[in-house]
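Heads up, the thing below is written out as structure tokens.
There are 2 protein chains.
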Amino acid sequence: MTREEFSPLSVPYISGRTRLYGIVGHPIEQVRSPEFVTHEFVARGIDAIVVPIHVVPERFDELMPAIMDIANLDGLIVTVPYKARAARFMASLGPQARITRTVSVLAKRAEGWIGEMFDGVGCVAALRRRGVAIKDKRIALLGAGGAGSAIGVALASQAPRSLRIIDPDTARASAAVNQMQQAFPSFDVAAGESLDLDQLDVLINASPVGMLDPTACPLQVNHLPPHLAVMDIVMKPDETRLLRMALESGCKVVYGREMLGSQLTAVVDFFMDR
Amino acid sequence: MTREEFSPLSVPYISGRTRLYGIVGHPIEQVRSPEFVTHEFVARGIDAIVVPIHVVPERFDELMPAIMDIANLDGLIVTVPYKARAARFMASLGPQARITRTVSVLAKRAEGWIGEMFDGVGCVAALRRRGVAIKDKRIALLGAGGAGSAIGVALASQAPRSLRIIDPDTARASAAVNQMQQAFPSFDVAAGESLDLDQLDVLINASPVGMLDPTACPLQVNHLPPHLAVMDIVMKPDETRLLRMALESGCKVVYGREMLGSQLTAVVDFFMDR
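Taken in order, these protein sequences are the chains called H and Y.
Residues in the first sequence are numbered from 1 upward in steps of one, following the working numbering.
Residues in the second sequence are numbered from 275 upward in steps of one, following the working numbering.
Below, the structure written as structure tokens:
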């Protein structure tokens, strides 16, 4: 009678020693950090996992500090709709987060929690990997929420010719414009109401329109000019209706997962305090 | 330029759709439910994972209801030292838990959380799988905590000749004895202070002594009579000092993981409400 004979079968990827990370959002099914960021941990030989944590909005203020107090949980990623609300639970903010007042990645340090915003840098890096130029280009950004405003700030630092920000919440669009004008005083940035697509070089959807809904599209058109580069930060479906239309129109496209992919090294470095 | 070319690498075992389960304890490194119960989920084709959740005692009362409110978390396993404290967060208790007033497995149902105690049934099943008889046997149980008292109740239902319960907390040992005498009035159960090992058939360690400490042993002896069957519910190290001594003495031994292994089907059935 061997020891192994009576041993239950096990999976190799989780144990009592695995360090916990989570991504907090509402809804949660669309997030891709669990599969991608966990892969980055494992590739580095770190015994850690990123799990989806679905928190409903009316319970966020109570659950967030409790989740942060789980003793073997070392960090969190924050997604829609919590990138602004999560910032005030931080003891300190990184340089991007100090500008945007939003956070996307939170790390538990000896001196307390620190939050930083990686969406903007990730978006710019994804565009660069695809060879989409930003400098001197005319860019339109759909959505001025947590991700959108961070992307706007990161784009501004790359000196585009102009940036137009469109959000059905016009007060939010104006606030994002003001924030960018303060950070980059000579920058041509304005809130827009409609777009002349022929006068644009790059279009970025940073709104959740299209998330978990392959029929929804943030633009009410059926065709795009083929010179336009189109990025959609929505993670699921992988190919949103906007990107499908862009592909059919002959545009260069950049997928939402690429924004996450291009920031994986930076995010895990931040978690590991490197 | 293919879509895949720019896709980050991913792990296959966690995604935004994976349903969450956790094991709550203090300490947490020793738990084995993450690897074993997750395997049982996966073997049934269920996209779910059991993660370790380390909650320190002074934060338990605040964190427990918050963790239970995570919207994609469907169940919890409870280990040392929370098997009694967790019971009062339940809307209802299963039949074993109603006797012991302790819980080891908690499931979120439409009508609220229900808790049940599987340790006792799991211990008896593990002994049976190893061919260790209980009926008419003289049994000693070390430890009258959440797991120990549940194991005592489950043993009592199998009609042993006698049961001696030993715990340095003598009030706790007496309470466990009283609980069993009420449930099984004619049963020969008593709290013990010392053991005559030659007059015993089965010895079960249900205390945490030896957990994460391969030098600690709940018995201050160097040898055991070879006729004795010895079980240790400690999960880590796999082979505790007590079990090593038992093996060296020629005793039949039963490992802690076998208690978990023998209840996997029942636990996942309970989670799935089958």
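Every residue gets a Cβ at the ideal spot worked out from N, C-alpha and C, and that includes glycine.
9 Å Cβ cutoff, residue 479 of chain Y in contact with chain H: Judged by the 9 Å Cβ criterion, residue 479 of chain Y is not in contact with chain H.
Residue 510 of chain Y vs residue 406 of chain Y beta-carbon contact at 9 Å: It is not a contact, given that the beta carbons lie outside the stated cut-off.
Outcome for residue 262 of chain H when other beta-carbon atoms lying within 10 angstroms are tallied against a minimum of 16: Residue 262 of chain H comes out buried.
CB of residue 81 of chain H within 9 Å of CB of residue 65 of chain H, strictly: Their beta carbons are not under 9 Å apart, which means residue 81 of chain H does not touch residue 65 of chain H by this criterion.
Listed by chain order, chain Y residues near residue 51 of chain H by CB distance under 8 Å: Those are 288, 292, 294, 323, 325, listed as they occur along chain Y.
Selection of the region 65-78 of chain H by Cβ proximity to chain Y, strictly under 9 Å: Cβ contacts with chain Y come from 65, 66, 67, 69, 70, 71, 72, 73.
As assigned by DSSP and simplified to three states, the class of residue 231 of chain H: If DSSP states are grouped into helix, strand and coil, residue 231 of chain H belongs with the strands.
Cβ neighbour criterion (16 or more within 10 Å) applied to residue 377 of chain Y: Classification for residue 377 of chain Y: buried.
Residue nearest to residue 234 of chain H in terms of C-alpha spacing, selected from H:202, H:10, H:214, H:91: Of H:202, H:10, H:214, H:91, the residue nearest in Cα terms is H:214.
Meets three-Cβ-pair contact criterion under 8 Å: the region 179-189 of chain H and the region 149-169 of chain H: Yes: at least three Cβ pairs fall under 8 Å.
Per DSSP, cross-strand counterpart(s) of residue 326 of chain Y: DSSP lists Y:297 as partners of residue 326 of chain Y.
Pairwise C-alpha distance: residue 329 of chain Y and residue 67 of chain H: Straight-line Cα distance between these residues: approximately 10 Å.
Residue 411 of chain Y versus residue 517 of chain Y - alpha carbon distance: C-alpha separation (whole angstroms): 20 Å.
Cβ-Cβ separation, residue 23 of chain H to residue 50 of chain H (assumed contact under 8 Å), whole Å: The pair is a contact, with the Cβ atoms about 6 Å apart (cut-off 8 Å).
Residue 116 of chain H burial status per 10 Å Cβ neighbour count (16 or more: buried): By the neighbour-count rule (16 or more Cβ atoms within 10 Å), residue 116 of chain H is buried.
Same chain, Cβ closer than 7 Å to residue 293 of chain Y, neighbours up to 5 away in sequence not counted: The beta carbon of residue 293 of chain Y is closer than 7 Å to those of 321, 322, 346, 348 in its chain, skipping five residues each way along the sequence.
Unbroken alpha helix (DSSP H) run spanning residue 99 of chain H, endpoints: Unbroken alpha helix (DSSP H) run through residue 99 of chain H: 95-100.
Residue-chain proximity (residue 229 of chain Y, chain H), Cβ-Cβ < 9 Å: Not covered by the structure: residue 229 of chain Y. The range shown for chain Y is 275 to 548.
Partner residues on chain H for residue 329 of chain Y, Cβ-Cβ distance less than 7 Å: Chain H residues near residue 329 of chain Y: 70, 71.
Minimum C-alpha distance to residue 490 of chain Y - residue among Y:471, Y:514, Y:475: Out of Y:471, Y:514, Y:475, the CA that lies nearest to the CA of residue 490 of chain Y is found in Y:514.
Start-end ranges of the alpha helix (DSSP H) lying completely within the region 359-430 of chain Y, minimum 4 residues: Qualifying alpha helix (DSSP H) stretches, in chain order: 369-374, 393-403, 420-430.
Alpha-carbon spacing of residue 492 of chain Y relative to residue 280 of chain Y, whole angstroms: If I take the Cα positions, the gap works out to 57 Å.
Neighbour flag for residue 300 of chain Y against chain H, beta carbons, 9 Å: Judged by the 9 Å Cβ criterion, residue 300 of chain Y is in contact with chain H.
Under 7 Å by beta carbon: chain H residues contacting residue 305 of chain Y: By Cβ distance, chain H contributes 16.
Three CB pairs or more closer than 8 Å across the region 471-484 of chain Y and the region 499-508 of chain Y: Contact between the region 471-484 of chain Y and the region 499-508 of chain Y is present: 3 or more CB-CB pairs across the two stretches fall below 8 Å.
Inter-residue spacing [alpha-carbon to alpha-carbon] between residue 8 of chain H and residue 497 of chain Y: The alpha-carbon atoms of residue 8 of chain H and residue 497 of chain Y are separated by roughly 29 Å.
Buried/exposed call for residue 366 of chain Y, threshold 16 Cβ in 10 Å: The residue in question, residue 366 of chain Y, is exposed, as its Cβ has fewer than 16 Cβ neighbours within 10 Å.
Which of helix, strand or coil DSSP assigns to residue 72 of chain H: Coil.
Nearest candidate by alpha-carbon position, reference residue 435 of chain Y, set Y:547, Y:413, Y:450, Y:313: Among Y:547, Y:413, Y:450, Y:313, the Cα nearest to that of residue 435 of chain Y belongs to Y:413.
Chain H contact for residue 380 of chain Y (CB, 9 Å cutoff): Any Cβ of chain H closer than 9 Å to the Cβ of residue 380 of chain Y would place that residue at the interface, and such an atom is absent.
Among Y:422, Y:447, Y:313, Y:499, the one whose alpha carbon lies nearest that of residue 530 of chain Y: Of Y:422, Y:447, Y:313, Y:499, the residue nearest in Cα terms is Y:422.
Of the listed residues Y:415, Y:470, Y:287, nearest to residue 394 of chain Y (C-alpha basis): For residue 394 of chain Y, the nearest C-alpha among the options comes from Y:415.
Where residue 1 of chain H falls, given that 16 or more other Cβ within 10 Å makes a residue buried: Because residue 1 of chain H sits at a pLDDT of 43, beneath the cut-off of 50, its placement in the model cannot be relied upon, and the point is left open.
Which of helix, strand or coil DSSP assigns to residue 352 of chain Y: In the structure shown, residue 352 of chain Y sits in a strand (DSSP, three-state: E or B).
Of the listed residues H:17, H:62, H:37, H:79, nearest to residue 26 of chain H (C-alpha basis): A check of alpha carbon separations from residue 26 of chain H across H:17, H:62, H:37, H:79 identifies H:79 as the nearest.
Cβ pair residue 40 of chain H, residue 268 of chain H closer than 9 Å: Between residue 40 of chain H and residue 268 of chain H, the C-beta gap is smaller than 9 Å, which places the two residues in contact.
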